[in-house]
Amino acid sequence: MNPWLGILLVLFTLGGLLVALFRVQKIWRIPPEISRKTVHVVMGLCCLSFPWIFHSFWPVLLLCLSSLAALIWLRLYGGGMRAVLHGVNRVSWGEFCFPVAVALLFWLMEDPVTGYLVPLLVLTLADAVGAIVGIRYGRFSYTTDEGTKSYEGSLAFFVVAFLSTHVPLLLWTDISRPNCLLIGVLLGILVMMLEAIAWRGLDNLFIPLGTYLMLQNYSWMSSTELLVRLAVLLSMMVILWGLRKFTYARDGTLIAGVLLLYLIWVVGGWEWLWPPISLLAGYCILCPRSSREERQRHGLMDLGAVSGMGFLWLFLSVGLGSERFYWAYTYSWAAQLAMIACAYFLWKVPNLKWSSGMTSAGLFSVLFFLVPVLLKAFWPEGVLMFVGLLLAVFLSLVAYWRFEWVSRHGTNSPGRAERQFVYGSIASRVGLLFLWVP
Numbered sequence: 022m023n024p025w026l027g028i029l030l031v032l033f034t035l036g037g038l039l040v041a042l043f044r045v046q047k048i049w050r051i052p053p054e055i056s057r058k059t060v061h062v063v064m065g066l067c068c069l070s071f072p073w074i075f076h077s078f079w080p081v082l083l084l085c086l087s088s089l090a091a092l093i094w095l096r097l098y099g100g101g102m103r104a105v106l107h108g109v110n111r112v113s114w115g116e117f118c119f120p121v122a123v124a125l126l127f128w129l130m131e132d133p134v135t136g137y138l139v140p141l142l143v144l145t146l147a148d149a150v151g152a153i154v155g156i157r158y159g160r161f162s163y164t165t166d167e168g169t170k171s172y173e174g175s176l177a178f179f180v181v182a183f184l185s186t187h188v189p190l191l192l193w194t195d196i197s198r199p200n201c202l203l204i205g206v207l208l209g210i211l212v213m214m215l216e217a218i219a220w221r222g223l224d225n226l227f228i229p230l231g232t233y234l235m236l237q238n239y240s241w242m243s244s245t246e247l248l249v250r251l252a253v254l255l256s257m258m259v260i261l262w263g264l265r266k267f268t269y270a271r272d273g274t275l276i277a278g279v280l281l282l283y284l285i286w287v288v289g290g291w292e293w294l295w296p297p298i299s300l301l302a303g304y305c306i307l308c309p310r311s312s313r314e315e316r317q318r319h320g321l322m323d324l325g326a327v328s329g330m331g332f333l334w335l336f337l338s339v340g341l342g343s344e345r346f347y348w349a350y351t352y353s354w355a356a357q358l359a360m361i362a363c364a365y366f367l368w369k370v371p372n373l374k375w376s377s378g379m380t381s382a383g384l385f386s387v388l389f390f391l392v393p394v395l396l397k398a399f400w401p402e403g404v405l406m407f408v409g410l411l412l413a414v415f416l417s418l419v420a421y422w423r424f425e426w427v428s429r430h431g432t433n434s435p436g437r438a439e440r441q442f443v444y445g446s447i448a449s450r451v452g453l454l455f456l457w458v459p
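Okay, so the sequence shown: first residue is 22 according to my numbering, each after it adds one.
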């Protein structure tokens with residue numbers, strides 16, 4: 022097809038859809054979420070044809086830019102038509118993420134099925150079905166940073182994501198039947214969790230790109246490798262979900278924790294998993310909920326503050342091929358546990374002296390991180406690493422005391438999570454000294 026004809030056809034279809042939905046909404050007063058998901062599904066189904074309509078990237082890029090311009094105009098000046106996409110009572114950037122995701126998938130595409138069709142099909146169908154089922158039938162909920170989501174909606178999302186992956190792989194690729202099944206289950210679970218923790222419509226970007234990256238990885242694995250990954254993922258889910266009634270973490274934070282641990286294991290292996298497990302064990306001891314009525318107050322921002330620097334060290338180690346970054350990686354987790362312990366001791370014992378609180382928190386963190394140290398190295402490098410651990414913990418506690426307790430008279434002032442990330446990142450750089458140790 023002539024690319025300009027294809028562009029006009031797509032724009033006419035989407036423009037006609039918006040006008041039709043505006044008319045229908047005025048007559049029958051359909052719920053705003055239904056109209057949003059209708060646009061979502063029709064846009065997705067229309068975009069599924071792009072690999073067979075366009076043979077170069079520029080028409081898709083032009084459509085993406087045109088759609089973004091139209092959506093911005095609709096949000097700012099759309100008048101009554103704004104209700105078609107913006108009638109829901111929450112802030113969402115999903116309509117802007119959708120065309121960006123389509124353009125990125127088309128640009129990255131090498132195989133139309135695994136590189137474009139499956140990721141976009143999961144986004145188009147699973148997200149819409151999950152949202153509608155959750156609204157209509159959702160009775161049992163779990164907590165997220167934006168409120169709550171339903172188990173029924175997440176289960177519907179998984180089923181549709183599984184089918185949207187399994188069926189195309191089975192029909193249009195050379196992947197074996199057992200592998201198609203395992204990839205569908207594994208990808209369905211992981212993308213379901215991505216959708217559960219996404220906020221402000223960013224799932225329209227996370228879902229397709231996450232699906233694309235996983236398919237590029239899983240398509241070449243053996244059945245045994247896929248089974249191992251599925252077993253590890255399910256084990257992590259069971260363990261962390263069992264903690265939901267015993268910590269202050271929101272359910273969405275625990276789901277993100279599963280994804281975090283799984284990704285660390287996939288990228289770094291078992292030895293890189295021990296530091297975050299050590300922090301998790303210490304956190305569970307320090308922060309148990311005494312009753313179910315207590316508020317789940319630890320959200321994704323807290324998880325990002327605790328884990329962000331460790332993630333950066335991990336990917337820097339993989340990118341540069343240097344195991345020496347393991348020390349900085351370990352120190353980042355140890356520093357975060359020390360600050361968590363310090364806040365806990367000062368909250369639990371209000372009259373506790375700062376010197377006693379810092380000493381107790383430092384010893385607590387060092388004790389929990391002896392295992393990662395000993396598993397990685399013994400004499401003489403293990404001794405040097407232990408000394409570095411003491412220094413990193415000390416630096417993080419001094420920064421926490423000086424800039425939180427002294428300057429802000431507590432540990433729960435606004436922006437604390439971001440500052441805690443900075444303290445931990447600075448303390449973890451002690452580990453860079455090991456880059457020059459022979």
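We put the CB at the ideal spot given by N, CA and C, even for glycine.
The beta carbon of Glu425 sits closer than 6 Å to the beta carbons of Thr432 from its chain, once the five residues preceding and following it are set aside; these are given in chain order.
Counting only residues of its own chain and dropping the five nearest sequence neighbours on each side, Ile298 has a CB closer than 8 Å to the CB of Leu282.
Here Ala270 carries a strand assignment [DSSP, helix/strand/coil].
Here Tyr158 is exposed. Its C-beta has fewer than 16 other C-beta atoms within 10 Å.
DSSP assignment within the segment 217-289 yields the following whole alpha helix (DSSP H) runs of 4 residues or more, N-terminal first: 224-239, 244-262 and 272-289. The Cβ-Cβ distance between Asp323 and Thr164 does not fall below 7 Å. Here the segment 214-223 makes no contact with the segment 242-249; the two share fewer than three CB pairs at distances below 8 Å.
At least 7 Å separates the beta-carbon of Val150 from that of Ala124. Out of Val404, Gly378 and Met360, the CA that lies nearest to the CA of Gly445 is found in Met360. Looking at the backbone, the Cα of Gly409 and that of Phe389 are separated by about 15 Å. Put simply, the backbone Cα of Val394 is about 6 Å away from that of Gly403. When DSSP states are grouped into helix, strand and coil, Gly174 belongs to the helix group. Gly37 and Ser171 have their C-alpha atoms spaced approximately 33 Å apart.
Secondary structure note for Ser162: it is in no alpha helix (DSSP H), and the uninterrupted beta strand (DSSP E) holding it is Ser162 to Thr165. Around the beta-carbon of Asp148, 16 or more other beta-carbon atoms lie within 10 Å, marking it buried. Ranking Ser175, Leu97 and Leu333 by CA distance to the CA of Ala152 puts Ser175 first.
Taking Leu83 as the centre and dropping the five residues before and after it, the same chain places the C-beta of Ile28 closer than 7 Å to its C-beta, in chain order. Counting of Cβ neighbours within 10 angstroms places Pro199 among the exposed residues, the total staying below 16.
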